[in-house]
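Asker: Residue numbers (the UniProt record's numbering): 1 to 359. Note that beta-carbon positions come from the ideal geometry of N, C-alpha and C, so glycine has one too. Computed from a predicted structure; not experimentally measured.
1) Please check the pair residue 303 and residue 338, which I expect to be a contact at CB under 8 Å, by giving their CB distance rounded to whole angstroms.
2) What is the DSSP secondary structure of residue 290, reduced to helix, strand or coil?
3) Can we say the stretch 55–75 touches the stretch 10–20, given the rule of at least three CB pairs closer than 8 Å?
4) Could you name the residues of the same chain whose beta carbon sits closer than 7 Å to that of residue 68, not counting the 5 residues immediately before and after it, in chain order?
5) Beta carbon of residue 287, beta carbon of residue 346: below 8 Å?
6) Please classify residue 11: does DSSP put it in a helix, a strand, or coil?
7) Can residue 328 and residue 317 be called in contact, C-beta distance under 8 Å?
8) Taking the C-alpha atoms as reference points, what is the distance between residue 154 and residue 77?
9) Whose C-alpha, out of 333, 197 and 239, is nearest the C-alpha of residue 220?
10) Where does residue 45 fall in DSSP's three states?
11) If you drop the 5 nearest sequence neighbours on each side, which residues of the same chain put their C-beta closer than 8 Å to that of residue 164?
12) Taking only runs that begin and end inside the stretch 123–157, name each unbroken alpha helix (DSSP H) of 4 or more residues, in chain order.
13) How many whole angstroms separate the CB atoms of residue 43 and residue 190, which I take to be in contact at a CB cut-off of 8 Å?
14) Considering Cα atoms alone, identify which of 308, 326 and 295 is closest to residue 349.
15) Based on the DSSP secondary-structure assignment, which residues constitute the bridge partners of residue 5?
16) What are the partner residues of residue 39, as DSSP defines its beta bridges?
17) Taking only three categories from DSSP, how would you classify residue 295?
18) Residues bridged to residue 302 by DSSP?
19) Starting from the Cα of residue 319, find the closest Cα among 259, 274 and 278 and give me that residue.
20) For the alpha helix (DSSP H) that residue 99 lies in, which residues bound it at each end?
21) Pick helix, strand or coil for residue 261, following the three-state DSSP scheme.
22) Just to confirm the assignment, what range does the beta strand (DSSP E) spanning residue 343 have?
23) On the DSSP bridge list, what partners appear for residue 222?
24) With distances taken from CA atoms, which of 1, 3, 17 and 5 is nearest residue 210?
25) To the nearest angstrom, report how far apart residue 5 and residue 128 are at their CA atoms.
26) Whose C-alpha, out of 176, 107, 181 and 149, is nearest the C-alpha of residue 28?
Quick look at the structure:
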């Protein structure tokens with residue numbers, strides 16, 4: 001059952017179109033992330049769902065009810081803001097209870113829900129403190145508790161972890177996801193951080209220029225990107241134009257001429273044209289230690305090595321020359337001599353056709 005439906009949503013400011021006919025649905029208990037660069041419209045879309053931004057066209061339905069003309073406080077949504085938006089003069093308990101008071105929940109129920117929610121997010125010992133007496137992570141947990149306490153139909157997150165350091169951000173994203181799974185609330189989460197999107201989501205909606213670029217599970221978005229934008233924005237991708245020279249549709253095998261030479265691609269998704277874009281992830285390639293019949297062997301002249309702890313990022317250009325650069329990730333701290341020629345191989349099922357014409 002769809003808890004949230006967005007149908008051809010359009011928002012513009014003057015001559016600038018911010019949302020260009022966006023449509024998607026969120027099932028009950030689902031965690032969906034809006035992922036995209038700054039200015040792509042993801043926060044405007046979230047605020048439209050909350051009722052803070054009116055639609056120029058289209059519809060938003062929550063629980064099957066059209067939200068046209070429904071004020072934010074009547075929508076039974078709750079939002080966790082990037083800035084926390086806590087009241088500095090109120091205690092933690094009063095901040096958590098704020099939405100309950102706005103909804104005129106009886107006092108005994110307020111106290112019960114505040115206690116239950118504070119226990120859930122490990123704030124029981126901080127209920128009488130003011131926000132200024134808390135760390136950034138604790139303040140964000142107060143904001144989360146306040147949103148959860150009203151038991152919304154949809155819980156909205158507007159980049160809630162962006163002000164925190166990397167370690168705390170990772171801890172809180174795991175905690176938010178664990179709470180969502182435990183209590184089954186429906187969530188729409190906005191971020192520009194691909195790691196957050198991949199780690200937390202049931203589905204990811206990648207946005208570009210006010211439009212939906214792709215919708216899918218984290219695995220689908222990462223391993224089966226449909227466009228150069230998605231492939232390059234989510235993770236690191238090597239993208240190259242190719243020319244189909246032969247095909248065996250029954251075996252799902254395609255011979256493609258590329259800047260790396262002739263490669264075999266095994267794909268359930270056929271190319272959109274005879275001149276498709278081909279994509280592969282840096283970790284898909286292996287270093288060819290010795291000849292052993294590996295597929296899709298290619299050579300790179302090594303330009304640089306970048307040590308990243310658990311892996312080494314290697315950049316190189318085709319042996320034949322040219323300005324194009326490809327990246328390969330090798331496990332551990334192994335480095336390759338700069339300016340040397342090294343050979344690599346690519347399994348055919350690790351190459352993907354993008355749904356764009358390179359002609």
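Answerer: Let me spell this out:
1) 7 Å
2) coil
3) yes
4) 59
5) Taking 8 Å as the Cβ cut-off, residue 287 and residue 346 do not qualify as a contacting pair.
6) Looking at residue 11 - three-state DSSP - the assignment turns out to be strand.
7) The Cβ atoms of residue 328 and residue 317 lie no closer than 8 Å to each other.
8) 5 Å
9) 197
10) helix
11) Spatial neighbours of residue 164 in its own chain (CB-CB distance under 8 Å, excluding positions within 5 residues in sequence) are listed in chain order as 136, 137, 140 and 172.
12) 136–149
13) 6 Å
14) 295
15) Per DSSP, 25 and 61.
16) Per DSSP, none; premise fails for residue 39.
17) In this structure, residue 295 counts as coil in the three-state DSSP scheme.
18) 316
19) 259
20) 92–102
21) strand
22) 341–345
23) DSSP output for residue 222 lists no bridge partner at all.
24) 17
25) Rounded to whole angstroms, residue 5 to residue 128 spans 39 Å at the Cα level.
26) 181
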